Every structure is written in structure tokens, then in C-alpha cells.
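Residue numbering for the sequence shown follows our numbering, beginning at 941 and increasing consecutively.
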Amino acid sequence: MQATMMHMPMTVRMIMEHGAAVFPESRVGVFDGEQTHWSSYRDVADQAGRLAGALAALGIGRGDRVATFSWNNPAHMEAYLAIPSMGAIMHTVNIRLSVEQVAWVINHAENRVVILDASLLELFLPVVPLLKTVEHILLVDGDAAEVGGIPASNYAQALAAQDARFPWPELEETAAAAVCYTSGTTGNPKGVVYSHKTTFVHSLASRATDTFGINERDRILLLPPMFHANAWGLPYSGWLSGSDFILPGPHLQAAGIEAMIRAEKPTFTATVPTILADLLRASRDTGLQMDSFRMLVCGGAAVAPALIDAARERWGVPVLQGWGMTETSPLCHLSHPPREPGPDGETPWRAKSG
């Protein structure tokens, strides 16, 4: 017997279309070092359609791999939506890898197009002579007819030539949506291929109240890099929920983060212990207040109990420690305290994973 309920493939296209249709006025903002520039979900989704058209004009189709080499910015968000939704496979290249490793992962993934942030051009140029499969580079916020001999074009101009109404294909939810390479290994980085379904299910999971509880009221300060482990899945879970995004671009130093917090009053972020320690120092030295946050997720290394206690005492904000890997999409375990944490309180529970 078959179920009588409707069936819908769990694809990135469904995430994109749901966010744009249900939350068209939710916003994506990027910080330029002084202020935040905003676009609506409606406009970002239109740009994603144009990006798909630009990639199709370059010969990209189902199963082709497209790389990004970029900071957390609107073009990267457009790539997150467009590339998997058109049936291609997004490869977010970790800009922190060595020249040889960057070339290796691009060649191994057989990327045909690279979406390159012009501010990272000098970092990328030594990679170019080692590339074997790249046919074209889309340069974000930069103009060049070629990059190291590879044909190139301006990202905005390429998109302006396309219609926002791209004919999105019907895709199987088991099809590959993205590939991320992990450097936490011996030898060369290893590729992890995410399906549309795993991406969708991970997005649903991080909206649950006993995980991150991502929702429409959130203003997400997206500090996890979009070039590593899908930014902890937050671009998709936030978009699915209609959250506002504050993208830092290259402004990841304490002063830039402090400026974004003061101006935009985010409610949620995920970060590493060193940045949390920097923010606590800023609170002591400059009076930074972070009481707009409902939760601070911290991972990537063990979070000291002193940091957890300081965040609670200074701002009244709970710290949730997380653990995961590229291979787990990446969310795996979160340190929510039990109903009755015991005589030592919540801190020992929040200071561990597993």
C-alpha cells in the first residue's frame, strides 16, 4: 500500500523557492567595513536565477562542478541557491588551504567554472598555472578578460545579461548538491558529497528547538565561513526559515564583528572560542553589549567553562557548544543541558560535546 500524502523531492530548489515565496521581504545584508547593504530575499532569488542563466550560457549543466573562492557575501549566497538548483554541483573551495591543495581539490572535483571574489585574486593567481579543468572565471567586484590565461568575465555584467526566470529542472533528491573537502586528514583533502536530501534534512534539523531553533525572527550573523562545511548549514536553514542574514565579507577581525553587532543587533551566531574570547575582551574594554543574542553557538575547539560562565554573567546569553565534521553536514552533537543538570549547574554540560 502506498501513502496518500503528497510527495515532494527534498531539493535545494525547494529551499530556495520556499524562502523567496514565503519570506520575500526577509533580507540579506553585507557589511562593507562601515555599514550594511541590504537586499531582499526576492532580489537575491532573482539574482540566483540570473546566475544559473549565466552558468548555463557557459555550458554548465547537470552534474557539472562549479567552484566558489569567496568570502561570505551576497554572490556566495546566490551561488548556494543557484548552482545546486540548476542541477550542477557546488564546490566551496577553502581559501585557507595551501596553493597546492587548492589546485588539487579543484582538479580533483573537475571544476569547469570558478566564481572568484576579486579581493582574493592575489591569493588565487598562484593556483592558476596548476589548474587542469577550469574553463572560465566569473570575477565578483572585478574586471578582467582573463585571469592567468583563463577567460574571465565580470560577475555582475554576466548576470545582468540573463533573465531572472530560469527554467529550474526537476531533480532527484538523491542527486549530488555540493562537495566540500576536509583538511582534517592525512594526505590530500578528502571530498564529501552532500545530496539535496541531506542538505534539506540538515536544514530542518537545525531549525528544531532542541538544536539551533532557527526561525523567522532571527538575525543571523554568519561568521562560519561559507567556504567550509557549508557554513555549518546556516545559509540553508536560515533561508528556509526567513531569517535575516548579516554577512561579514572579509571583516572578520574583532573590530569589524563588534561594529556589526552594535549596528545590527543580531540574535544568533556560531563561532569559535577565540572569537568568543575576543568579544568578551571587547565587552570589558569598550562596553560591547550582546544581549540581543538569544544563543551563541561555539565549536571548532573545546570551549572553556570560564568563557561559558562569562558570557552568561556579562550578557545573560547561553553558550551552546557544538561538535561536527564535514562528513556529518556538519552538525552532529550539541551540548544542551538536561532538565535537571545536577548540583554543579549547566556549565559542565555546556562545556562538553558528546
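No residue lacks a Cβ here, since even glycine has one placed at the ideal position from N, Cα and C.
Quick caveat: nothing in here was measured; it's all calculated off a predicted structure.
Using 10 angstroms around the beta-carbon of residue i, count the other beta-carbons present and answer buried if the total reaches 16, otherwise exposed.
i, result
"A1049", "buried"
"L1070", "exposed"
"D1150", "exposed"
"G1173", "buried"
"V1074", "buried"
"V1259", "buried"
"M1321", "Not covered by the structure: residue 1321. The range shown for the chain is 941 to 1294."
"H1142", "buried"
"T1114", "exposed"
"T951", "buried"
"P1206", "buried"
For residue i, does the three-state DSSP call read helix, strand or coil?
i, result
"M941", "coil"
"I955", "helix"
"N1012", "strand"
"G1127", "coil"
"H1136", "helix"
"S980", "strand"
"T1296", "With the chain represented from 941 up to 1294, any question about residue 1296 goes unanswered, as that position is not in the structure."
"P1270", "coil"
"R967", "strand"
"R1162", "Inspection of the sequence shows that residue 1162 is occupied by Leu rather than by Arg. Note: L1162 maps to coil in three-state DSSP."
"R1252", "helix"
"A1028", "coil"
"V962", "helix"
"A1007", "strand"
"D986", "helix"
"L998", "coil"
"G1182", "coil"
"G1173", "helix"
"V1259", "strand"
Please report the distance separating the alpha-carbon of residue i from that of residue j.
i, j, result
"F1064", "D1081", "15 Å"
"A997", "D1158", "36 Å"
"G1285", "F1233", "21 Å"
"A961", "L1144", "18 Å"
"S1059", "M1200", "20 Å"
"V1067", "P1288", "45 Å"
"N1047", "S1123", "16 Å"
"K1072", "V1039", "14 Å"
"H977", "I1077", "25 Å"
"V1042", "I1023", "20 Å"
"R1254", "A1096", "44 Å"
"A1148", "V1033", "29 Å"
"A1242", "R1036", "21 Å"
"A1100", "A1028", "21 Å"
"L1192", "Q1261", "21 Å"
"S1181", "G1089", "42 Å"
"I1215", "M956", "31 Å"
"N1170", "P1283", "38 Å"
"Y1134", "T1125", "18 Å"
Would the beta-carbon of residue i fall within 8 Å of that of residue j?
i, j, result
"A992", "M1026", "yes"
"L1163", "T1226", "no"
"F1140", "M1265", "no"
"A994", "A1098", "yes"
"E1198", "I1186", "no"
"Q1102", "R990", "yes"
"S1146", "L1271", "yes"
"A1251", "L1220", "yes"
"V1053", "P1014", "no"
"T1008", "F1106", "no"
"A1222", "L1247", "no"
"D1184", "R967", "yes"
"V1256", "D1231", "Checking the displayed sequence, the identity of residue 1256 turns out to be Gly instead of Val. Yes, the Cβ-Cβ distance between G1256 and D1231 is below 8 Å."
Check: Of all the alpha helix (DSSP H) runs that stay within the bounds of the region 1189–1247, which reach a length of 4 or more residues?
Finding: Runs of the alpha helix (DSSP H) inside the region 1189–1247: 1194–1204 and 1213–1226.
Next item on the list: Go through the region 1035–1121 residue by residue and report every complete run of the beta strand (DSSP E) that reaches 3 residues or more, in order.
Entry: List check, beta strand (DSSP E) in window: 1051–1057, 1076–1080 and 1090–1094.
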